[in-house]
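Engineer: There's a structure below that I have some questions on.
Numbering (the working numbering), first residue to last: 342 to 767.
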């Protein structure tokens, strides 16, 4: 069923006024609901393959579909030649798609993990097996393309209920012309799976994710330069009073108009309500703005998505109890305008540090809105430990001379929720 909903954000952003913005529901996915499939956007169409339900059978799926936004129609293609597969990713290089690795659902048997690698030609709807991924077989790695080459990072071979295994931080480059793999500099953070990767003109933004046994979730964000093979640490997501630094994987990420958008973020693996926050990184200022309750679709874990200029398409996913088949189109330009209008002044909060003193600039509309509850500036060490907290008043300065020299993540909070965040040096 096709419907067009005009959301007045005042109706679903808690106690916030807003402009209207349009989110359009498109044709439902005709197959079974699922999550942990792979997806990619190519030649104006979104492709979706594999995936699984949980805990229901089958443990993995082999069907392959394409969505055409122009016709608002799904078409089933030939099944995946490598069989049923879930916890799998994909990337697009020079007009062709590449996917592989992943899990076939066969319990804790190590043979259920794969390292095969495949190329898809959309013009002929054909697959060709390429050189195997040369490192350990794994599931839920991160894949991205940059400069005509593909990259595979992280993933895990720890299977639930099994013994041993590793959460990986290795990075591999695939050259499609030579059909060869080359190991690159390791990711500087801890090994993980389900990290996001969003390529931009001058590098790739990478971060978040979690360990396979859910013992640790990550909020760090990095920029990878594939040409120089170097990593740069960026500000982590701003935290809250209860979660020192926002943690977990995210199911939607995109760069639009020099802003990195992240949503469907899982905080410590249990807080489904946290999927409603959008985090926006201004790439020029390297500061985060958190828009609470701004996700217009709701909880969706590990769904399929693709972006085409200002439009994003999302489908499938899981909210902890239901596997969805809905498909949505979101205009990111309208959406960014709407959430910024609904939260006046938040994006203009500014925290700077010099000579051991912090200067906080809080726009008047923000100060007035939170006058009753108050605003807090929290400082965290790069490992997430809270080091200081200050009650904010507009224009005040605060000393950080008592803190060791180094980098700190800052977060301006209201009602124990983050509004804005970034990184400063002491």
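Built from N, CA and C at the ideal position, the CB exists for glycine as well.
Mapping DSSP to helix, strand and coil, what is residue 757?
Structural biologist: In the chain shown, the residue the question calls residue 757 occupies position 416. DSSP places residue 757 in coil when its eight states are reduced to three.
Engineer: Going by the beta-carbon positions, is the gap between residue 516 and residue 451 smaller than 9 Å?
Structural biologist: Start at 1 with the first residue of the chain shown, and residue 516 comes out as number 175. Start at 1 with the first residue of the chain shown, and residue 451 comes out as number 110. Going by C-beta atoms, residue 516 is not nearer than 9 Å to residue 451.
Engineer: Residue 671 by DSSP, collapsed to three states: which one?
Structural biologist: Stepping through the chain shown from its first residue, residue 671 is reached at position 330. Looking at residue 671 - three-state DSSP - the assignment turns out to be strand.
Engineer: In the structure shown, what three-state DSSP assignment does residue 497 receive?
Structural biologist: Stepping through the chain shown from its first residue, residue 497 is reached at position 156. Note: residue 497 maps to strand in three-state DSSP.
Engineer: State yes or no: is the C-beta of residue 408 within less than 9 Å of the C-beta of residue 386?
Structural biologist: In the chain shown, the residue the question calls residue 408 occupies position 67. In the chain shown, the residue the question calls residue 386 occupies position 45. Yes, these two residues count as a Cβ contact at 9 Å.
Engineer: Beta-carbon within less than 6 Å of residue 403's beta-carbon, same chain only, minus the 5 sequence neighbours each way: which residues are those?
Structural biologist: Start at 1 with the first residue of the chain shown, and residue 403 comes out as number 62. Result list for residue 403: 420, 421, 424 and 425, in chain order.
Engineer: Would you be able to state if there are at least three C-beta pairs under 8 Å between the region 558-573 and the region 528-544?
Structural biologist: yes
Engineer: If you run the structure through DSSP and keep just helix, strand and coil, what is residue 429?
Structural biologist: For the purposes of this step, residue 429 is taken as the residue at position 88 of the chain shown. Residue 429: coil per DSSP, three-state reduction.
Engineer: In the DSSP output, what is residue 548 paired with across the bridge?
Structural biologist: If you number the chain shown from 1, residue 548 lands on position 207. Its beta-bridge partners are 537 and 562.
Engineer: Assuming contact is defined by CB atoms lying nearer than 9 Å, are residue 773 and residue 545 in contact in what I supplied?
Structural biologist: The structure shown has nothing for residue 773, since the chain only spans 342 to 767.
Engineer: Since residue 550 and residue 590 are thought to touch, with beta carbons under 8 Å apart, how far apart are those beta carbons, to the nearest angstrom?
Structural biologist: For the purposes of this step, residue 550 is taken as the residue at position 209 of the chain shown. For the purposes of this step, residue 590 is taken as the residue at position 249 of the chain shown. The Cβ separation is near 5 Å, so the contact holds.
Engineer: According to the Cβ coordinates, are residue 458 and residue 474 closer than 9 Å?
Structural biologist: As a first step, residue 458 must be located in the chain shown, where it is residue number 117. As a first step, residue 474 must be located in the chain shown, where it is residue number 133. A contact, by the Cβ cut-off of 9 Å.
Engineer: Please work out which residues of its chain come closer than 8 Å, Cβ to Cβ, to residue 756, disregarding the five sequence neighbours upstream and downstream, and give them in chain order.
Structural biologist: As a working mapping, residue 756 is identified with position 415 in the chain shown. So the qualifying residues of the chain are 711 and 714.
Engineer: Going by other Cβ atoms of all chains shown within 10 Å of its Cβ, with 16 needed for buried, is residue 745 buried or exposed?
Structural biologist: Taking the first residue of the chain shown as 1, we reach residue 745 at position 404. Residue 745 comes out exposed.
Engineer: Label residue 766 either buried or exposed according to how many other C-beta atoms from any shown protein chain fall within 10 Å of its C-beta, with 16 as the threshold for buried.
Structural biologist: By 1-based counting over the chain shown, the position of residue 766 is 425. Classification of residue 766: exposed, given that the 10 Å Cβ count is below 16.
Engineer: With H, G and I counted as helix, E and B as strand and the rest as coil, what does DSSP make of residue 367?
Structural biologist: In the chain shown, residue 367 corresponds to position 26, counting from 1. Residue state, collapsed to three classes: strand.
Engineer: As a quick exercise: from 400, 683 and 490, pick the residue whose alpha carbon is nearest that of residue 636.
Structural biologist: Within the chain shown, the letter at position 295 stands for residue 636. It is 683 whose Cα lies nearest to the Cα of residue 636.
Engineer: Identify whether residue 624 lies in helix, strand or coil by the three-state DSSP scheme.
Structural biologist: Working through the chain shown from its first residue, we reach residue 624 at position 283. DSSP places residue 624 in coil when its eight states are reduced to three.
Engineer: Comparing alpha-carbon positions, which option in 567, 647, 763 and 740 lies nearest residue 696?
Structural biologist: In the chain shown, the residue the question calls residue 696 occupies position 355. For the residues 567, 647, 763 and 740, the minimum Cα distance to residue 696 belongs to 740.
Engineer: Can you have a look at residue 442 and say buried or exposed, based on whether 16 or more other CB atoms are within 10 angstroms of its CB?
Structural biologist: In the chain shown, counting from the first residue as 1, residue 442 sits at position 101. Taking every protein chain shown into account, the CB of residue 442 has 16 or more other CB atoms within 10 angstroms, so this residue is buried.
Engineer: CA-CA distance, residue 463 and residue 742?
Structural biologist: The residue you call residue 463 lines up with position 122 of the chain shown. The residue you call residue 742 lines up with position 401 of the chain shown. Those two C-alpha atoms are separated by around 59 Å.
Engineer: Would you kindly check if the distance between the Cβ of residue 369 and the Cβ of residue 668 is under 9 Å?
Structural biologist: Counted from its first residue, the chain shown places residue 668 at position 327. Counted from its first residue, the chain shown places residue 369 at position 28. Judged by their CB atoms, residue 668 and residue 369 are nearer to each other than the 9 Å cut-off.
Engineer: Drop a sphere of 10 angstroms on the beta-carbon of residue 445, count the other beta-carbons inside from all chains shown, and report buried for 16 or more, exposed for fewer.
Structural biologist: Working through the chain shown from its first residue, we reach residue 445 at position 104. It counts as buried.
Engineer: Grab me the residues of residue 642's own chain with a C-beta within less than 8 Å of its C-beta, minus the 5 sequence neighbours each way, in chain order.
Structural biologist: As a position in the chain shown, residue 642 is number 301, starting the count at 1. Counting only Cβ-Cβ distances below 8 Å, and skipping sequence neighbours, we find 376, 592, 605, 607, 616, 658, 659, 660 and 661.
Engineer: Rank 435, 471, 380 and 466 by C-alpha distance to the C-alpha of residue 427 and give the top, closest one.
Structural biologist: Translated into the one-based positions of the chain shown, residue 427 becomes position 86. If we check each option's Cα against that of residue 427, 380 comes out closest.
Engineer: Hey, how far is the Cα of residue 720 from the Cα of residue 622?
Structural biologist: On the chain shown, residue 720 is found 379 positions in, with the first residue counted as 1. On the chain shown, residue 622 is found 281 positions in, with the first residue counted as 1. Answer to the nearest angstrom: the Cα atoms are 18 Å apart.
Engineer: Hey, residue 692 and residue 707 are a contact pair by Cβ (cut 8 Å); roughly how many whole angstroms apart?
Structural biologist: In the chain shown, residue 692 corresponds to position 351, counting from 1. In the chain shown, residue 707 corresponds to position 366, counting from 1. Residue 692 to residue 707, Cβ: 13 Å. No contact.
Engineer: Closest by CA to residue 384, which one among 461, 393 and 371?
Structural biologist: On the chain shown, residue 384 is found 43 positions in, with the first residue counted as 1. The candidate whose alpha carbon is nearest that of residue 384 is 461.
Engineer: Rounded to whole angstroms, how far is the Cβ of residue 507 from the Cβ of residue 530, which I believe are closer than 8 Å?
Structural biologist: In the chain shown, the residue the question calls residue 507 occupies position 166. In the chain shown, the residue the question calls residue 530 occupies position 189. Going by Cβ atoms, the distance from residue 507 to residue 530 rounds to 15 Å, so no, they are not a contact pair.
Engineer: Of all the options 663, 578, 666 and 391, which has the alpha carbon lying nearest to the alpha carbon of residue 750?
Structural biologist: Residue 750 sits at position 409 when you count from the first residue of the chain shown. Ranking 663, 578, 666 and 391 by Cα distance to residue 750 puts 578 first.
Engineer: What does the Cβ neighbour count give for residue 640, buried or exposed, with the cut at 16 atoms within 10 Å?
Structural biologist: Translated into the one-based positions of the chain shown, residue 640 becomes position 299. By the neighbour-count rule (16 or more Cβ atoms within 10 Å), residue 640 is buried.
Engineer: Return the residue from the list 482, 406 and 472 that minimises the CA-CA distance to residue 466.
Structural biologist: Locating residue 466 in the chain shown gives position 125, counting from the first residue. Taking only the C-alpha atoms, the option nearest residue 466 is 406.
Engineer: Report buried or exposed for residue 573, applying the criterion of at least 16 other Cβ atoms within 10 angstroms of its Cβ.
Structural biologist: Here the question's residue 573 lines up with position 232 in the chain shown. Exposed is the call here.
Engineer: Quick check on the DSSP output: the beta strand (DSSP E) that includes residue 600 runs from which residue to which?
Structural biologist: If you number the chain shown from 1, residue 600 lands on position 259. Where residue 600 is concerned, the enclosing beta strand (DSSP E) stretches over 600-606.
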